[in-house]
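*Asks:* Residues -23 to -1, 1 to 177, numbered by mature numbering (1 follows the signal peptide of the UniProt record, and there is no 0), are exactly what the sequence shown covers, in order.
Note that the Cβ used here is the ideal one computed from N, Cα and C, for glycine as well.
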Amino acid sequence: MNQRIRNCAAAAGLLFTAMTASAANYTAMLTGPKEAPPNSSTGMGAAFVKFDAASHVLEVDVAFGGLLGTTTAAHIHCCTDTPNTGTAGIATETPTFGGFPLGVTSGAYSNTYNTSLAASWNPAFLSSHGGTTAGAESAFAAGLASGAAYLNIHSSLYPTGEIRGFLTGAAPPVPEPASFAMLGLGVPAMLLVARRRRKA
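Rendered as structure tokens:
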């Protein structure tokens, strides 16, 4: 009986490892100079994205501050022709992430999406990838993995985007202390929450 329990535990452990291995984490530092075209916004933000196409889970965590305009929309764009440069259409839900704080210059956002639902995607992104959520998930995963997806925050002053950052699997560069302090406790709190969430 003990051997059977050990075998079941081992099988459960392998399944959990396989499920966890399919999830990928991405981060980005969002700034005005990273926009296309670049702008002189003093705003900045941090984004943490976890995507698991096997379990259809997309987690999005964002903290931002110091925007010159007030927020009008935020979403992930995918996929640019060249990694870490250019522009692309919106991949995630439109006109903005559901529940994203609008009309503000600073804030934080956290949400989890079921990517097997069409509502989690921009209809145009779905259509251009076979019209299915599976096609959208595949293209999105490839875009994230290749550095061809970015998170963009649009504002009243910069309708095409005030701050953005390409999502990467590597840790983003740490901003200068003076710039980082501009966000107050928002980004450090988001870093702590995201790190704890990723370890869980």
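So does Thr109 have its beta carbon nearer than 7 Å to some heavy atom of the ligand FMN?
*Replies:* In terms of ligand content, the structure shown is empty, and the ligand FMN therefore cannot be addressed.
*Asks:* Just confirm the distance between the C-beta atoms of Ala65 and Thr57, as a whole number of angstroms; I'd bet it's less than 8 Å.
*Replies:* Right, the Cβ-Cβ distance comes to about 5 Å (below 8 Å), so this counts as a contact.
*Asks:* Taking only runs that begin and end inside the region 73 to 101, name each unbroken beta strand (DSSP E) of 3 or more residues, in chain order.
*Replies:* The region 73 to 101 contains these whole beta strand (DSSP E) runs: 84 to 91.
*Asks:* Which residue or residues does DSSP assign as beta-bridge partners of Ser132?
*Replies:* In the DSSP output, where bridge partners are listed per residue, Ser132 has Thr48.
*Asks:* Could you compute how far the alpha carbon of Ser132 sits from the alpha carbon of Leu44?
*Replies:* Looking at the two C-alpha atoms, the distance is approximately 8 Å.
*Asks:* To the nearest angstrom, report how far apart Gly75 and Pro60 are at their CA atoms.
*Replies:* Each residue's alpha carbon lies about 27 Å from the other.
*Asks:* Pick from Ile140, His33 and Ile53: whose alpha carbon is nearest that of Thr110?
*Replies:* Among Ile140, His33 and Ile53, the Cα nearest to that of Thr110 is on His33.
*Asks:* Output the boundary residues of the beta strand (DSSP E) element that contains Glu36.
*Replies:* Val34 to Gly42 is the extent of the beta strand (DSSP E) around Glu36.
*Asks:* Using the Cβ count rule (16 or more neighbours within 10 Å means buried), how would you classify Gly146?
*Replies:* Exposed, since its Cβ has fewer than 16 Cβ neighbours within 10 Å.
*Asks:* Output the boundary residues of the alpha helix (DSSP H) element that contains Ala116.
*Replies:* Here the alpha helix (DSSP H) through Ala116 covers Thr110 to Ser123.
*Asks:* So who's on the other strand from Gly22, going by DSSP bridges?
*Replies:* Paired residues: Leu7 and Phe41.
*Asks:* What residues in its chain sit with their C-beta under 6 Å from that of Leu79, if we drop five residues either side in the sequence?
*Replies:* Taken in chain order, the residues that qualify are Thr48.
*Asks:* In this structure, what does DSSP give as the bridge partners for Ala1?
*Replies:* In the DSSP output, where bridge partners are listed per residue, Ala1 has Phe28.
*Asks:* Look at Gly22 and Asn16 and say whether their C-beta atoms are less than 8 Å apart.
*Replies:* For Gly22 and Asn16, no; Cβs fall outside 8 Å.
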